[in-house]
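> Structure in structure tokens, see below.
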Amino acid sequence: MDDPTTTKVQTKVSPGRASRRVLWIFAPHIHLLLAVFIANGIYAACMTSRVVMLLPAARIFHDKEVKRDADGNAEVDEEGNVEVVSVPKFFAKDSSFSPILTRLNELQGSFETTVLGYLEYVPGLDLDSKSQLERSQIGTVATLIIYFFIIALASAAANLAKQYFSALLVSRSVILVRVKLLRNLMQQELAFYNREKRGEMVTRLGTDVEQTTQCLRLLTKDLIEAPLNVLVPILVMFIAKWWMGVLGLVYIGIITLSLRKQTRKVHKRARKRQKTISRVQESMLQMFSGIRVVKAFGLEKQKVQEYEQRNEDWLRQTMATEITKAFTRVRMEFFVNGAILVVLLVGFFMIGRPTAMDLAAVGLLLAMLIQIYKPMKTTTRSITELLDKLAGAVRVFEYMDIKPELTEKPDAIEAKDVVGTVRFEDVSFSYDNNGKVLEHINLEVPAGEVVALVGPSGAGKSTLVNMVPRFHDPVEGGVTVDSTDIRDFTRDSLLSNIAIVTQEPFLFHASIRENIAYGRPGATTEEICAAAEAANADEFIANLENGYDTVVGEGGGKLSGGQRQRITIARALIRDARILVLDEATSNLDTESERLVQAALERLMEGRTTLVIAHRLSTIQHADKICVMQDGRICEVGSHDQLMASETLYRRLYQMQFAPKGD
-10 MDDPTTTKVQ
0 TKVSPGRASR
10 RVLWIFAPHI
20 HLLLAVFIAN
30 GIYAACMTSR
40 VVMLLPAARI
50 FHDKEVKRDA
60 DGNAEVDEEG
70 NVEVVSVPKF
80 FAKDSSFSPI
90 LTRLNELQGS
100 FETTVLGYLE
110 YVPGLDLDSK
120 SQLERSQIGT
130 VATLIIYFFI
140 IALASAAANL
150 AKQYFSALLV
160 SRSVILVRVK
170 LLRNLMQQEL
180 AFYNREKRGE
190 MVTRLGTDVE
200 QTTQCLRLLT
210 KDLIEAPLNV
220 LVPILVMFIA
230 KWWMGVLGLV
240 YIGIITLSLR
250 KQTRKVHKRA
260 RKRQKTISRV
270 QESMLQMFSG
280 IRVVKAFGLE
290 KQKVQEYEQR
300 NEDWLRQTMA
310 TEITKAFTRV
320 RMEFFVNGAI
330 LVVLLVGFFM
340 IGRPTAMDLA
350 AVGLLLAMLI
360 QIYKPMKTTT
370 RSITELLDKL
380 AGAVRVFEYM
390 DIKPELTEKP
400 DAIEAKDVVG
410 TVRFEDVSFS
420 YDNNGKVLEH
430 INLEVPAGEV
440 VALVGPSGAG
450 KSTLVNMVPR
460 FHDPVEGGVT
470 VDSTDIRDFT
480 RDSLLSNIAI
490 VTQEPFLFHA
500 SIRENIAYGR
510 PGATTEEICA
520 AAEAANADEF
530 IANLENGYDT
540 VVGEGGGKLS
550 GGQRQRITIA
560 RALIRDARIL
570 VLDEATSNLD
580 TESERLVQAA
590 LERLMEGRTT
600 LVIAHRLSTI
610 QHADKICVMQ
620 DGRICEVGSH
630 DQLMASETLY
640 RRLYQMQFAP
650 KGD
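Heads up: the sequence shown begins at -10 in the numbering used here, then just goes up one per residue.
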């Protein structure tokens, strides 16, 4: 059965909508997209022009023909012999097939004459000694060289441009996707991260983003270049004869419609495959996250088998996707080959008719059909690949579409000059409406005082303090700071007045200096050192090889628990916030580390409104107020002495911790 998180995350995104959204990613960089289109258009025109050069090349082949005067009578020379001239074999007379091709042929003749005029000045090339046939052939070859040189330069420049602009467009678009996705995820409440599987998140942020990147690459390369390489030959066919161009468009339309249903199958298969990838990732993450348990209970073989089984599921879905893609491509190839055969048959039956085609025109049209064949295959392959990769893009967009439950009011105000009085006013809370975790909590924490929350596990202590920085919002009631509901503050200004030290100190894989400075970006070296000294951390930092520039490793793994906690206290100190939240900050430390951390915490709490969750009751005896929680309610409130003076839950908890242990 699917995890309940998927009902929230997976808002339906259809393939059509996903493809439109992928295209919309290019909107901020429309100038680059336009540059890609222009470069690809020029390149496609150059590639087709190389084939069209067959037309002027056909002029190399000549026949002899009787020279006639304006009245059509045969002309004779001075000796009385009938004069003959050398004329292009395939263009001996005007073509009734294509007046446009005839006109182009005339222009080609004029250009050859111009070129021959310039060739008169080439040393060593004695054109006067050449026959008319040889002069015509030299002129044709010379013009072909000029054409090819121009086409080669243009195609090289266009190829370079399309590669450059395509890479730049994709790179900028990928950055846009990554940043937009991360920004949306950063706006989600903590409950989202508690609900969502880590393997699912890793897959969507890794594999699925990469699939989206592949979509962008396909759209800026093959799916622009290949269709243009189809349309340009079709345009040439229209120029030659309109009905040939129409015929080309018709069979392209038939192929497109026939593949539409098949491509939907590709997308459906690919989505199933992407889900199996997330299960593979989840299995792997669980193994490494719980490696101690795996080792302790000898579960290595079982976990490897589970991992292997999930990979087998992935293999089945992957092969199903690939088979569907292959069938789509074979089907396209069948249609393309069939269409070419039909056109060849049409050309065959046209030859010798009263409206006969010139042989050069026939060759040109067949060349255009062959020119279309490869880009049509590329287009179909790219479309199937796009729909395959689109499955990952859909999952990325689903994450982008998640609406955060905790939002900032449009007219939110800045939290300035905060004194620090915190009130919980009739607060109730539940996770996903699955029973109340907190019920009607009323509590005031006066500015500058220390209020401790104690009670058995599951009483709701952490949930309550997590409402102060708005990690959760109450289902009923509200939380105020200086008599203003915290939901009326901007999120950034509220958090700037709150510092948090948790039970499990987390450090980023960065230097000690950077980890402390996260509390207040832009802090000076003197401020960082002062915070470390106040947190009892400066001594051990000085003994490290690189001092404050020591990189602490993943999660601070190069430091002990006490050292990590003192760094997080220094991070809280440098923030200089009016409100402090301590969530069992000393519960996992040995006696010596606890002494140093407790001394640092006392400095941190001076003059600040402090909410303390305490596991070790000895650390909160001097709190101004102790609140005992049980089953989501505050059942007792008082000082340490007051609560110890009568039979209270607090007294029983205290005696359980400090009762002498028997033999």
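Even glycine gets a Cβ: it sits at the ideal position worked out from N, Cα and C.
For the alpha helix (DSSP H) that lysine 450 lies in, which residues bound it at each end?
From DSSP, the alpha helix (DSSP H) with lysine 450 extends over 450 to 454.
> Roughly how far, in whole angstroms, is the beta-carbon of lysine 378 from the beta-carbon of glutamine 200, given that I think they are within contact range, below 8 angstroms?
The Cβ separation is near 4 angstroms, so the contact holds.
> Pair every Cβ in the stretch 175 to 186 with every Cβ in the stretch 138 to 150, then say whether three or more of these pairs are closer than 8 angstroms.
Contact between the stretch 175 to 186 and the stretch 138 to 150 is absent, because fewer than three Cβ pairs lie under 8 angstroms.
> Measure how close the beta-carbons of alanine 574 and valine 490 come, nearest whole angstrom, since I'm counting them as under 8 angstroms.
Going by Cβ atoms, the distance from alanine 574 to valine 490 rounds to 5 angstroms, so yes, they are a contact pair.
> Tell me which residues share the same chain as threonine 307 and place their Cβ nearer than 6 angstroms to its Cβ, disregarding the 5 neighbours each side in the sequence.
Closer than 6 angstroms at Cβ, skipping near neighbours: Arg262.
> How is isoleucine 568 classed by DSSP in three states: helix, strand or coil?
Strand.
> Since glycine 467 sits in a beta bridge, which residues does DSSP pair it with?
Beta-bridge pairing links glycine 467 to Glu414.
> Looking at methionine 357: is its Cβ nearer than 8 angstroms to the Cβ of methionine 226?
Against a cut-off of 8 angstroms, the Cβ pair of methionine 226 and methionine 357 comes out as a contact.
> How about leucine 569 and alanine 519: do their beta carbons lie closer than 8 angstroms?
Taking 8 angstroms as the Cβ cut-off, leucine 569 and alanine 519 do not qualify as a contacting pair.
> Nearest CA to the CA of arginine 459: which residue from Ser8, Ile505, Lys405 and Pro393?
Comparing Cα positions, the closest option is Pro393.
> Anyone know if the C-beta pair for alanine 441 and cysteine 616 falls short of 8 angstroms?
Yes; because the gap between Cβ atoms is below 8 angstroms, this pair is in contact.
> Tell me which same chain residues have a C-beta within less than 6 angstroms of the C-beta of glycine 467, skipping the five on either side of it?
Closer than 6 angstroms at the Cβ level, and outside the excluded window around glycine 467, lie Glu414 and Asp474.
> Would you please state the rounded distance, in angstroms, between the beta carbons of aspartate 471 and valine 416? I believe it to be under 8 angstroms.
Contact flag wrong, Cβ pair sits at about 17 angstroms.
> Starting from leucine 22, trace the alpha helix (DSSP H) in both directions and tell me its first and last residue.
Per DSSP, leucine 22 belongs to the alpha helix (DSSP H) from 19 to 41.
> So, helix, strand or coil for leucine 562, using DSSP?
Helix.
> Is the shortest distance between the beta-carbon of glutamate 109 and the beta-carbons of chain C less than 8 angstroms?
Here chain C cannot be found, since the structure has a single protein chain.
> With 16 as the cutoff for other CB atoms within 10 Å, does glutamine 298 come out buried or exposed?
Exposed is the call here.
> Is DSSP giving glycine 234 helix, strand or coil here?
Residue state, collapsed to three classes: helix.
> Near glutamate 636, what residues of its chain come up, given a Cβ to Cβ distance below 7 angstroms and the 5 sequence neighbours on each side ignored?
No residues qualify anywhere along the chain.
> For glutamate 387, which three-state DSSP category applies?
Helix at glutamate 387.
> The beta strand (DSSP E) that contains asparagine 431, what's its start and end?
Start and end: 425 to 434.
> In terms of DSSP beta bridges, what is arginine 622 paired with?
The partner list for arginine 622 (beta bridge, DSSP) reads Gln619.
> Going by C-alpha to C-alpha distance, which of Glu178, Ile517, Glu271 and Thr313 sits closest to glutamate 295?
When only C-alpha atoms are compared, the closest one is Glu271.
> Could you give the distance in angstroms between the alpha-carbon of threonine 313 and the alpha-carbon of arginine 502?
Spanning the two alpha carbons is a distance of roughly 55 angstroms.
> Would you list the residues sitting across from threonine 599 in a DSSP beta bridge?
Its beta-bridge partners are Val439 and Leu569.
> Assuming aspartate 538 contacts glycine 381 under a Cβ cut-off of 8 angstroms, what Cβ separation, rounded to an integer in Å, is found between them?
Actually they do not touch by this definition, with Cβ atoms about 39 angstroms apart.
> Taking only heavy atoms of the ligand COA into account, decide whether any of them is closer than 7 angstroms to the Cβ of valine 25.
Only the bare structure without any ligand can be found here, which leaves the ligand COA out of the picture.
> Could you check if aspartate 211 is buried or exposed, using at least 16 other CB atoms within 10 Å of its CB as the buried criterion?
Flag for aspartate 211 reads buried.
> How is serine 500 classed by DSSP in three states: helix, strand or coil?
Looking at serine 500 - three-state DSSP - the assignment turns out to be strand.
> Going by beta carbon distance, what residues of the same chain come within less than 6 angstroms of threonine 265, once the five residues before and after it are set aside?
Excluding positions up to five away in sequence, the list reads Asp302, Trp303 and Gln306.
> Might you give, ordered along the chain, the residues of its own chain that have their beta carbon closer than 6 angstroms to the beta carbon of arginine 641, omitting 5 neighbours on each side?
So no residue of the chain qualifies.
> Taking the alpha-carbon positions, what's the isoleucine 391 to asparagine 173 distance?
Taking the straight line from one Cα to the other gives about 8 angstroms.
> Would a C-beta distance cut-off of 8 angstroms place leucine 208 and proline 17 closer than the cut-off?
Not a contact, by the Cβ cut-off of 8 angstroms.
> How should valine 219 be labelled, buried or exposed, when 16 other C-beta atoms within 10 angstroms of its C-beta is the threshold for buried?
Answer is buried; the Cβ neighbour count reaches 16.
> So the candidates are Glu397, Ile241, Leu638 and Arg384; which of them puts its Cα closest to the Cα of glutamate 178?
Nearest C-alpha to glutamate 178: Glu397.
> With distances taken from CA atoms, which of Leu632, Ile563, Asp620 and Gly546 is nearest glycine 447?
Closest by alpha carbon: Asp620.
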